[in-house]
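Here the protein sequences come in this chain order: A and B. The opening position of the first sequence corresponds to residue 1 in UniProt numbering, with each subsequent residue numbered one higher. The opening position of the second sequence corresponds to residue 1 in UniProt numbering, with each subsequent residue numbered one higher.
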Amino acid sequence: MGQIQLKQVTKSFGEVQVIPPLDLTIEDGEFTVFVGPSGCGKSTLLRLIAGLEDISSGHIEIDGKDATDLVPAKRGLAMVFQSYALYPHMSVRKNIAFPLRMAKMDQAEITRRVESAASVLNLTDYLDRRPGQLSGGQRQRVAIGRAIVREPAAFLFDEPLSNLDAALRVGMRLEISELHKRLETTMIYVTHDQVEAMTMADKIVVLQAGVIEQVGSPLELYRAPRNTFVAGFIGSPKMNLLTGAEAAKYDATTIGIRPEHIDVVEADGAWQGTVGVAEHLGSDTFFHIHNTGLAETITVRAIGDVNLKHGDTIHLTPRAEEIHRFDGQGLRIE
Amino acid sequence: MATKASRSAARVMMAPAVILLLGWMLVPLMMTLWFSFRTYLPLRGGDLGWTGFDNYVRFVTSSAFWPAVQTTLIIVLSVLVITVVLGIFLAMLLDQPMWGQGIVRILVIAPFFVMPTVSALVWKNMFMDPVNGIFSHIWRFFGADPVSWLSDAAMPSIIMIVSWQWLPFATLILLTAIQSLDSEQLEAAEMDGAPKVQRFFYIILPHLARAITIVILIQTIFLLAIFAEIFVTTGGAFGTRTLSYLIFQRVLESQNIGLGSAGGVYAIILANIVAIFLMRIVGKNLDN
Ligand SMILES: Nc1ncnc2c1ncn2[C@@H]1O[C@H](COP(=O)(O)OP(=O)(O)O)[C@@H](O)[C@H]1O
Ligand SMILES: [Mg+2]
Numbered sequence: 001m002g003q004i005q006l007k008q009v010t011k012s013f014g015e016v017q018v019i020p021p022l023d024l025t026i027e028d029g030e031f032t033v034f035v036g037p038s039g040c041g042k043s044t045l046l047r048l049i050a051g052l053e054d055i056s057s058g059h060i061e062i063d064g065k066d067a068t069d070l071v072p073a074k075r076g077l078a079m080v081f082q083s084y085a086l087y088p089h090m091s092v093r094k095n096i097a098f099p100l101r102m103a104k105m106d107q108a109e110i111t112r113r114v115e116s117a118a119s120v121l122n123l124t125d126y127l128d129r130r131p132g133q134l135s136g137g138q139r140q141r142v143a144i145g146r147a148i149v150r151e152p153a154a155f156l157f158d159e160p161l162s163n164l165d166a167a168l169r170v171g172m173r174l175e176i177s178e179l180h181k182r183l184e185t186t187m188i189y190v191t192h193d194q195v196e197a198m199t200m201a202d203k204i205v206v207l208q209a210g211v212i213e214q215v216g217s218p219l220e221l222y223r224a225p226r227n228t229f230v231a232g233f234i235g236s237p238k239m240n241l242l243t244g245a246e247a248a249k250y251d252a253t254t255i256g257i258r259p260e261h262i263d264v265v266e267a268d269g270a271w272q273g274t275v276g277v278a279e280h281l282g283s284d285t286f287f288h289i290h291n292t293g294l295a296e297t298i299t300v301r302a303i304g305d306v307n308l309k310h311g312d313t314i315h316l317t318p319r320a321e322e323i324h325r326f327d328g329q330g331l332r333i334e
Numbered sequence: 001m002a003t004k005a006s007r008s009a010a011r012v013m014m015a016p017a018v019i020l021l022l023g024w025m026l027v028p029l030m031m032t033l034w035f036s037f038r039t040y041l042p043l044r045g046g047d048l049g050w051t052g053f054d055n056y057v058r059f060v061t062s063s064a065f066w067p068a069v070q071t072t073l074i075i076v077l078s079v080l081v082i083t084v085v086l087g088i089f090l091a092m093l094l095d096q097p098m099w100g101q102g103i104v105r106i107l108v109i110a111p112f113f114v115m116p117t118v119s120a121l122v123w124k125n126m127f128m129d130p131v132n133g134i135f136s137h138i139w140r141f142f143g144a145d146p147v148s149w150l151s152d153a154a155m156p157s158i159i160m161i162v163s164w165q166w167l168p169f170a171t172l173i174l175l176t177a178i179q180s181l182d183s184e185q186l187e188a189a190e191m192d193g194a195p196k197v198q199r200f201f202y203i204i205l206p207h208l209a210r211a212i213t214i215v216i217l218i219q220t221i222f223l224l225a226i227f228a229e230i231f232v233t234t235g236g237a238f239g240t241r242t243l244s245y246l247i248f249q250r251v252l253e254s255q256n257i258g259l260g261s262a263g264g265v266y267a268i269i270l271a272n273i274v275a276i277f278l279m280r281i282v283g284k285n286l287d288n
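Listed below in structure tokens is the structure:
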């Protein structure tokens with residue numbers, strides 16, 4: 001079990017309110033990702049749930065029971081820190097066994113759990129090493145091992161992959177997703193990287209300045225962003241957000257069109273411009289288009305390797321059914 | 001130092017320092033060794049020639065030798081224990097955010113800047129004096145008889161004075177070590193269900209191991225040779241005669257340089273024995 005409910009939770013550091021009143025329910029077994037730009041309060045929110053920070057007002061319930069005043073150890077949650085926070089003077093085995101030793105579990109059971117966690121995480125050969133002798137990815141796995149042996153009600157991850165290189169990050173992303181499928185335990189995962197959010201989450205919570213901008217599945221956020229912030233934040237490359245006369249044609253203050261929803265045509269497109277930088281990825285090419293008569297630079301994704309160079313003229317047509325419209329407050333118009 | 005050229009350049013540049021250091025250490029050492037084999041009584045005939053191992057035999061067989069070794073070790077050990085334990089405690093207190101932190105830290109470190117002679121005199125005359133000392137006033141205030149500290153409890157008094165001097169050093173080193181502890185480690189331990197006491201023994205103390213080792217090694221070097229504190233307080237009486245004080249008495253009070261030099265050689269041997277033991281016990285903490 002691991003249902004977590006936040007009710008009117010706020011957090012202030014001195015005078016500064018980092019989290020204004022916030023309501024959120026995380027269902028049992030769900031993989032929830034908190035995503036948002038740096039400094040928006042994701043870590044703070046996670047630490048409030050963990051109990052490492054006291055909330056300023058409101059309630060936190062875990063499995064329907066009030067946990068607001070419970071100390072971290074009593075909440076039954078396990079956390080994986082950005083710095084991994086391994087105990088440097090203990091072997092991998094002792095690191096993983098630490099929470100069990102603190103719980104005064106008997107030695108045979110500790111050994112059994114540590115070895116099974118180690119085999120799940122491919123750490124069996126490293127059990128007698130110190131964290132200092134491991135690579136970044138292995139340290140990450142030890143931190144996860146230390147979390148899973150406790151069999152917690154929920155896992156909390158705070159940007160666990162941000163210290164890894166790009167290739168390892170993709171690998172660990174898959175491993176964590178696999179782990180979630182296998183354990184079916186609630187996981188809350190904090191990241192500033194929308195790609196991680198999109199690829200891993202059952203439910204994404206988009207935060208900005210401590211405020212929840214939108215909650216939904218990755219595809220819900222992709223298809224129907226509730227406001228311009230979510231529209232610009234989710235999806236890569238970023239959605240083109242156009243204002244002014246072009247938006248007025250659609251009775252909106254701002255319109256949004258994703259780079260993948262603009263077609264490159266031979267002639268007579270809605271827009272015409274010159275190609276700026278072209279980013280060739282092989283499978284796709286991203287063009288940045290200038291001089292279209294619009295205020296904003298337009299990004300376009302073309303499938304495959306399209307033969308257009310810097311300075312060439314390009315004709316574009318947005319797919320009308322894929323245009324998102326937003327009003328003066330930046331809210332979505334259906 | 002990657003290339004042959006840069007390596008030899010480095011050697012040339014280090015040479016002056018190495019030669020100076022060697023001279024600094026070797027000349028006195030050689031002179032001590034030289035005199036220890038001679039009968040040298042400056043006021044009673046001067047250098048009277050070779051005596052072989054006579055000085056060495058006389059020094060160890062003197063009734064003052066073993067008590068002096070014992071006194072030295074007791075003082076070193078007690079001061080180490082007191083400064084390390086209290087140092088950890090103070091360092092943890094000073095690490096807490098509090099009002100006036102900067103001033104409190106300077107105050108804690110201040111005793112280290114007082115010269116040993118001065119601080120021992122201050123302790124002797126202002127605190128421990130059985131007539132005018134603050135302690136005697138406190139004792140009298142509660143209706144007790146004042147204690148004549150430096151004669152009735154000479155060793156504890158000396159240990160207290162020396163600990164007071166070295167506590168700031170230990171505190172300072174341990175404080176910087178505590179500040180370098182990653183707070184996420186403590187939070188991880190907290191989430192792992194370790195209460196405060198366990199967090200101290202499993203996380204903080206192991207983290208401090210290296211700093212404690214450094215405190216122990218450096219203090220031992222200086223504590224083996226404490227002198228001023230004894231000279232101005234008890235003058236070596238009441239069981240406070242350490243090995244270095246005994247050597248001082250042999251050289252200056254008995255005017256026997258040969259005998260004192262032999263004592264000096266014993267002091268070197270003792271220091272090395274202590275150093276070997278220390279390196280065995282705590283030195284592995286310095287490895288990565
Ligand atoms: N202990 C603290 N004291 C004061 N301000 C803090 C503290 N922790 C975080 N903050 C502030 O709260 C805001 C959110 O921080 P954080 O939750 O770490 O952001 P994120 O993890 O989303 O990057 C930041 O503006 C940060 O400066
Ligand atoms: Mg953060």
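Idealized CB from N, CA, C, for every residue including glycine.
State the Cα-Cα distance for the pair residue i and residue j, rounded to the nearest angstrom.
i, j, result
"Y87 of chain A", "L6 of chain A", "31 Å"
"H207 of chain B", "M90 of chain A", "11 Å"
"F141 of chain B", "P156 of chain B", "23 Å"
"P130 of chain B", "S148 of chain B", "5 Å"
"G260 of chain B", "I269 of chain B", "14 Å"
"E61 of chain A", "I106 of chain B", "46 Å"
"T285 of chain A", "R319 of chain A", "18 Å"
"T228 of chain A", "I188 of chain A", "25 Å"
"E279 of chain A", "K284 of chain B", "54 Å"
"V306 of chain A", "E296 of chain A", "23 Å"
"I88 of chain B", "I173 of chain B", "10 Å"
"residue 418 of chain A", "K42 of chain A", "Because chain A is modelled from 1 through 334, residue 418 of chain A falls outside the range shown and cannot be assessed."
"N291 of chain A", "I26 of chain A", "46 Å"
"Y40 of chain B", "A211 of chain B", "44 Å"
"V232 of chain B", "S62 of chain B", "24 Å"
"F227 of chain B", "S119 of chain B", "13 Å"
"L246 of chain B", "F59 of chain B", "10 Å"
"D312 of chain A", "R332 of chain A", "35 Å"
"I103 of chain B", "L205 of chain B", "26 Å"
"L20 of chain B", "L29 of chain B", "14 Å"
"E266 of chain A", "E260 of chain A", "17 Å"
Taking 7 Å as the cut-off, is the CB of residue i close to at least one heavy atom of ligand 1?
i, result
"T253 of chain A", "no"
"G41 of chain A", "yes"
"V18 of chain A", "yes"
"F81 of chain A", "no"
"F233 of chain A", "no"
"F229 of chain A", "no"
"T32 of chain A", "no"
"S38 of chain A", "yes"
"T191 of chain A", "no"
"T44 of chain A", "yes"
"residue 335 of chain A", "There is simply no residue 335 of chain A to check, as chain A begins at 1 and stops at 334 in what is shown."
Assuming the contact rule is C-beta atoms closer than 8 Å, residue i and residue j should be a hit. Round their C-beta distance to whole Å, please.
i, j, result
"G236 of chain B", "Q255 of chain B", "Not quite, the Cβ-Cβ distance comes to about 16 Å (not below 8 Å), so this is no contact."
"L194 of chain A", "F233 of chain A", "A small fix is needed here, since residue 194 of chain A is Gln in this sequence, not Leu. Indeed they touch by this definition, with Cβ atoms about 6 Å apart."
"A225 of chain B", "S244 of chain B", "5 Å"
"L161 of chain A", "G145 of chain A", "The Cβ separation is near 16 Å, so there is no contact."
"E190 of chain B", "P72 of chain A", "5 Å"
"D263 of chain A", "T317 of chain A", "5 Å"
Is the beta carbon of residue i within less than 7 Å of some heavy atom of ligand 3?
i, result
"E53 of chain A", "By its list of ligands, the structure shown excludes ligand 3, since it contains just ligand 1 and ligand 2."
Ignore the nearest five residues each way along the sequence and tell me which others in residue i's own chain have a CB closer than 6 Å to its CB.
i, result
"S57 of chain A", "T10"
"I255 of chain A", "L242, A247, I323 and R325"
"D268 of chain A", "none"
"L168 of chain A", "G137"
Do residue i and ligand 2 come close, with the Cβ less than 7 Å from some heavy atom?
i, result
"D158 of chain A", "yes"
Return the chain-ordered list of same chain residues with a C-beta closer than 8 Å to the C-beta of residue i, the five sequence neighbours on each side being excluded.
i, result
"L134 of chain A", "V92, Y126 and V142"
"A117 of chain A", "I96, L123, G145, I148 and V149"
"L100 of chain A", "E109, I110, R113, V114, V149 and R150"
So, for residue i: in the same chain, excluding its five sequence neighbours on each side, which residues have a beta-carbon less than 7 Å away from its beta-carbon?
i, result
"H288 of chain A", "G276, V277, T297 and T299"
Listed in chain order, which residues of the region 100-130 of chain A have Cβ atoms closer than 7 Å to some Cβ of chain B? Those residues of the region 100-130 of chain A that come within reach of chain B (Cβ to Cβ, closer than 7 Å) are M102 and A103.
Along the region 45-67 of chain A, where does the CB come closer than 9 Å to a CB of chain B? Name the residues. R47, A50, G51 and L52
Quick one, which residues of the region 264-285 of chain B are near chain A if we go by CB-CB under 9 Å, in chain order? From the region 264-285 of chain B, no residue has a Cβ closer than 9 Å to chain A.
Against chain A: residues of the region 232-247 of chain B by CB proximity under 7 Å: Contacts with chain A (Cβ-Cβ distance below 7 Å) from the region 232-247 of chain B involve no residue at all.
Chain-ordered residues of the region 185-202 of chain B with a beta carbon less than 9 Å from chain A: Answer set for the region 185-202 of chain B: Q185, L186, E187, A188, A189, E190, M191, D192, G193, A194, P195, Q198 and Y202.
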